[in-house]
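To keep things clear, I will list the structure first and then write my remarks on it.
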Amino acid sequence: MTPPIILSIAGSDCSGGAGIQADIKTISALGGYAASVITAITVQNTQGVQAVHPLSADLVRAQIEAVMDDLQPKSIKIGMVHNAELVTVIADCIRNYQPDFVVYDPVMISTSGRHLMTQETIQVIKKELFPLCTLLTPNLSEASLLYGHPISRTDEMEQAARHLSHLYHTSILIKGGHLEGNEMCDILYSSTDASSESACTFYTHSKIDSRNLHGTGCTLSSAIATYLEYNYSLKEAVSQAKDYITTTINNGKELQIGHGNGPLWHFPLSE
Numbered sequence: 001m002t003p004p005i006i007l008s009i010a011g012s013d014c015s016g017g018a019g020i021q022a023d024i025k026t027i028s029a030l031g032g033y034a035a036s037v038i039t040a041i042t043v044q045n046t047q048g049v050q051a052v053h054p055l056s057a058d059l060v061r062a063q064i065e066a067v068m069d070d071l072q073p074k075s076i077k078i079g080m081v082h083n084a085e086l087v088t089v090i091a092d093c094i095r096n097y098q099p100d101f102v103v104y105d106p107v108m109i110s111t112s113g114r115h116l117m118t119q120e121t122i123q124v125i126k127k128e129l130f131p132l133c134t135l136l137t138p139n140l141s142e143a144s145l146l147y148g149h150p151i152s153r154t155d156e157m158e159q160a161a162r163h164l165s166h167l168y169h170t171s172i173l174i175k176g177g178h179l180e181g182n183e184m185c186d187i188l189y190s191s192t193d194a195s196s197e198s199a200c201t202f203y204t205h206s207k208i209d210s211r212n213l214h215g216t217g218c219t220l221s222s223a224i225a226t227y228l229e230y231n232y233s234l235k236e237a238v239s240q241a242k243d244y245i246t247t248t249i250n251n252g253k254e255l256q257i258g259h260g261n262g263p264l265w266h267f268p269l270s271e
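Sequential numbering of the sequence shown, starting at 1, is according to this note's numbering.
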């Protein structure tokens, strides 16, 4: 028996809550086999990011080629890509190997509002990487940056998702975890259903009261990439991933790991 193989291309989080570490936990918890390509070494913990050190483009390319030539994963999740040179290398590799699915969580703005990319890098991403993706999963801040207008309501999320999907020829999932109120809503605009009334799907549920939310974006995107490899449709893959992340948040809300924004708990709770 061969489990589905999913490749995560992302930064390393030494505290284990986000990035490559969260992706490996997620893929493993869902029964997949996780391969990883590290794009950057970060110095961070539950209280914030202290430093980011990107790896060389040649080393990132070599990692991708080593995994793709041997393991041949059909589903790729992309997280932190810190500079334009790395974007170009990753885009080249995707064009060369043509995986079935590419889920990109565009880590552009930190939780504190700090911009993590230069404008040059963002422009290269828009041109080279976005059109190669199956799905983009920006949060409200990142979607606002890409859309060029602030987004704070679900109708604005829907308009932005539709616009960005048409602009970059890919599906868009805008995450509404920072919407005001007790309800949260994520909105998926499917590029393959653009001509039908079912192009937009709303995923709503009550917010969970927890201070441990470190790595939610990484976990959601890697879960979607995994479910796509299980041959779920995009809408169902997002739905299954949303159910999974709700479980991980609930499982982790009482954790006492670190002194800040703690991690999720990706595996079944011990009896």
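Even glycine gets a Cβ: it sits at the ideal position worked out from N, Cα and C.
A quick note: this is a predicted structure, and the numbers were derived from the prediction, not measured.
Measure the CB-CB distance between residue i and residue j and report whether it falls below 7 angstroms.
i    : j    : result
S8   : S36  : yes
E158 : I187 : yes
P54  : A40  : yes
K221 : D105 : A small fix is needed here, since residue 221 is Ser in this sequence, not Lys. The answer is yes: Cβ separation under 7 angstroms.
Excluding five sequence neighbours on each side, which residues of the same chain lie with their C-beta closer than 8 angstroms to the C-beta of residue i?
i    : result
I208 : T246, I249, N250, K253
Where do the ends of the alpha helix (DSSP H) carrying residue i lie?
i    : result
M68  : 57–70
I224 : 216–229
T247 : 234–252
L86  : 84–97
H166 : 154–168
Taking buried to mean at least 16 other C-beta atoms within 10 Å of its own C-beta, is residue i buried or exposed?
i    : result
M80  : buried
M1   : exposed
N139 : buried
K25  : buried
L173 : buried
P150 : exposed
H82  : buried
D243 : exposed
Counting along the chain, where does the beta strand (DSSP E) carrying residue i start and finish?
i    : result
Y147 : No beta strand (DSSP E) holds Y147; the alpha helix (DSSP H) holding it covers 140–147.
Q119 : Per DSSP, Q119 belongs to no beta strand (DSSP E); it is in the alpha helix (DSSP H), 119–124.
G11  : 5–13
Using C-beta distances below 6 angstroms, list every residue in its chain close to residue i, excluding the 5 sequence neighbours before and after it, in chain order.
i    : result
A237 : I224, Y227, L228
Q21  : D13
H178 : L140
Please list, in chain order, all residues of the same chain as residue i whose beta carbon is under 7 angstroms from its beta carbon, the five residues on each side excluded.
i    : result
Y230 : P4
E120 : A84
W265 : T248, N251, G252, L255
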